[in-house]
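Enquirer: Count along the sequence shown from 1, then add 11; that gives the number in the working numbering.
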Amino acid sequence: MGDALNEIMTRRRDRLIVVSNRLPFAFRRDAGGRLRAEPGSGGLVTALLPVLRHRGGMWIGWPGTCEASPALDSELASVGEGAGYALKGVPLSPEEVRNFYEGFSNEIIWPLFHDLQLLCNFDPAYWRTYRDVNRKYARAVHEAAVPGDFIWVHDYHLMAVAAELRRLGSDFRTGFFLHIPFPSPDIYLKLPWRMALIEALLQFDLIGFQTARDRRNFLQCVRALVRNVEVEGRGQVVQVAACGRSVRVGNFPISIDFNSFMRQAAAPAVSARARELHALLPRRKLILGIDRLDYTKGIPLRLQAFHDVLTRYPELRERISLIQVVVPSREDIPEYRGLKTEIEQLVGKINGSFVDPGGWVPVWYVYRSLAQLDLLAYYRAADIALVTPLKDGMNLVAKEYCACSIEEDCVLILSEFAGAAEQLGKGALPVNPNDIEGVADTIHRAFHMGETERRKRMRGMRRSIRDQDVFWWVDSFLRAAITKDLRAFPQLESCAATESVDYHLSF
Ligand code: G6P
């Protein structure tokens, strides 16, 4: 935990209440009918754990099941005791899961905020359920919190929680962090509920975005929709007066537990597994793509770029293989099902065109969740990481890959439209993921890059991720919520360029 925060927390014994769509544990009944808790993965839990344990706190969210029973409550209590902080479940009915989670969150906000408005299904019933479910989460906070607590709400599922808390008469201090991008006004204004949603967001006391660009987009939308908006300050956090309230708005790039990834990647079992991978795929460079199965990740275009590089640079055949790992996700949403078929057809096409029977296979395709050991071994083994989302809030795969590259001798190819590009733009090779030939040329460039340049670029990126790790992220967000003097938040160096111009690429 950061020093400033530590000091404030020791003086003030206020609790932290984290609110997110999912709890960090998913509860399911096993074949024998017993309730089991499976820990969720992810840096958010790791980052918040020290604060939750130190301050005492609670995590409120959906337990991953539609069951509401005394058995579930007692399981939540005992799992929470083991974890070191309390867990409070918000039960959702199947209809709420359909209209709130799959519907409004993932068929409207997710595609719209990733600039894919044509994939949106603007069903009015979705919005009604979204408000109702946000009210349900707010009620859970209202019941659990006591004066002095700080309520930290996460992500696009819960943008109306502060507004619903105010309707319940609560005046807790609240913060919100959006993990996905915030779109420009051209896109945001398409939303039928644009005004209600902006007004709801302005009910938080602090709103955090991943990048300076997201923050600027949000402020432009506020200006477009609300009269008499005033913005004070030019640093990482600004004070905004709008709708009769004063709200802080900042950019806080989320990160990973760098030291933990680095340590784990150095473990002998991981090194052995990475060597095994190279032995299975000998005498070639390994390129790695790891993504959730999601249309924002740009997997089909990436595969086309790989096809193109093998076509136009035949000397690379048999000297590179692409390992593409796809982790199943949101399988009940129609838009996701077709994507799997499209990816598999493209993998078949590339392998069918170039495979050397009994020898080289151009694409290794893995469709499943990975155990941590395998994930780390893929990161360690890969000579080049290909991170080419069409648009992404941050993209932690890029950061994890750098942290695990303990030899510092590899290359990151990174989409200009990933939030991570604002921070890693100088060390990574930038690409426009829609430019198939440009991505292919960049793979070719990465393949031939000399060792000195590879190391220099990777060292710089690793230093930056180590300095601004996930603990730095938690510290800066909470400090921005409680500090009196926002001058302690000068603009982040990596963001300075994106602040002053209307549209500016990070490279
Ligand atoms: C993104 C979102 C998270 C979400 C995750 C997995 O990273 O920002 O809030 O939890 O995807 O998606 P899921 O729908 O399975 O929770």
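We put the beta carbon where it would ideally sit given N, CA and C, even for glycine.
(1) Return the chain-ordered list of same chain residues with a C-beta closer than 6 Å to the C-beta of A439, the five sequence neighbours on each side being excluded.
(2) Which class does T509 belong to by DSSP, given the choice of helix, strand or coil?
(3) Examine the Cβ distances between the stretch 237-255 and the stretch 481-500 and report whether three or more of them are shorter than 8 Å.
(4) Have a look at A457 and R295 and give me their C-alpha separation to the nearest angstrom.
(5) Determine, using beta carbons only, whether Y376 and E346 come nearer to each other than 9 Å.
(6) Can you tell me where the beta strand (DSSP E) with S257 in it begins and where it stops?
(7) Which same chain residues end up closer than 8 Å to T241 when comparing Cβ atoms and leaving out the 5 residues on each side of it in sequence?
(8) Would you give the residue range spanned by the alpha helix (DSSP H) that Q275 belongs to?
(9) Going by DSSP, which residues form a beta bridge with E241?
(10) Taking buried to mean at least 16 other C-beta atoms within 10 Å of its own C-beta, is D478 buried or exposed?
(11) Where does E418 sit, in a helix, a strand or coil, going by DSSP?
(12) Any heavy atom of ligand 1 closer than 8 Å to the beta-carbon of P109?
(13) Based on the DSSP output, what are the partners of R47 in its beta bridges?
(14) With H, G and I counted as helix, E and B as strand and the rest as coil, what does DSSP make of L327?
(15) Go ahead and pull the three-state DSSP assignment for L27.
(16) Expressed to the nearest angstrom, what Euclidean distance is found between the alpha-carbon atoms of E18 and D394?
(17) How about F488 and W70: are their beta carbons less than 9 Å apart?
(18) For N32, is the beta carbon positioned less than 8 Å from some heavy atom of ligand 1?
(19) Is the distance from the Cβ of V281 to the Cβ of L169 below 9 Å?
(20) Within the same chain, show all residues whose beta-carbon is closer than 6 Å to that of L444, passing over the 5 residues directly before and after it, in chain order.
(21) Kindly examine ligand 1 and report whether one of its heavy atoms sits closer than 8 Å to the Cβ of S340.
(22) Whole-angstrom Cβ separation of R245 and L217, contact assumed at under 8 Å?
(23) May I ask you to verify whether the stretch 123-130 touches the stretch 186-195, counting CB pairs closer than 8 Å and requiring at least 3?
(24) Tell me whether L200 is buried or exposed, calling it buried when 16 or more other Cβ atoms sit within 10 Å of its Cβ.
(25) Out of L83, D302 and L384, point me to the one whose CA is closest to G44's CA.
(26) Among Q434, P74 and T463, which one has its Cα closest to the Cα of L407?
(27) Between L202 and T463, what straight-line distance do the alpha-carbon atoms span, to the nearest angstrom?
(28) Do R226 and G261 have their C-beta atoms closer together than 9 Å?
(29) Using DSSP with H/G/I as helix, E/B as strand and the rest coil, what is D403?
(30) Tell me which residue opens and which closes the alpha helix (DSSP H) that K99 is part of.
(31) Please list, in chain order, all residues of the same chain as F229 whose beta carbon is under 6 Å from its beta carbon, the five residues on each side excluded.
(32) What are the residues that DSSP puts in a beta bridge with I301?
(33) Can V4 and V485 be called in contact, C-beta distance under 9 Å?
(34) May I have the straight-line CA-CA distance separating Y324 from I361, to the nearest angstrom?
Expert: Answer, in terms of the structure:
(1) L423 and L425
(2) Its pLDDT being 48, under 50, T509 is placed unreliably by the model, and the measurement read from it follows with that caveat. Here T509 sits in helix by DSSP.
(3) yes
(4) 13 Å
(5) no
(6) R256 to N262
(7) One point to set straight first is that residue 241 is Glu, not Thr, in the sequence displayed. Excluding residues within five positions, the ones whose Cβ falls inside 8 Å are V251, A252 and A253.
(8) F269 to A276
(9) A252
(10) exposed
(11) coil
(12) According to the sequence displayed, residue 109 carries Arg and not Pro. Flag unset: Cβ of R109 not near ligand 1.
(13) R39
(14) helix
(15) strand
(16) Its pLDDT being 49, under 50, E18 is placed unreliably in this model, and the coordinates cannot settle the point.
(17) no
(18) yes
(19) no
(20) For the sequence presented, residue 444 should be read as Pro rather than Leu. For P444, where only same-chain residues beyond five positions count, the Cβ hits under 6 Å are G309, L312, T399, L401 and S426.
(21) yes
(22) At roughly 17 Å, the Cβ-Cβ gap does not stay under 8 Å, so R245 and L217 are not in contact.
(23) yes
(24) exposed
(25) L83
(26) Q434
(27) 49 Å
(28) yes
(29) strand
(30) Unbroken run through K99 is the beta strand (DSSP E), A97 to G100; no alpha helix (DSSP H).
(31) F193
(32) V336
(33) Residue coverage of the chain in this structure runs from 12 to 518, which leaves residue 4 outside it and unanswerable.
(34) 14 Å
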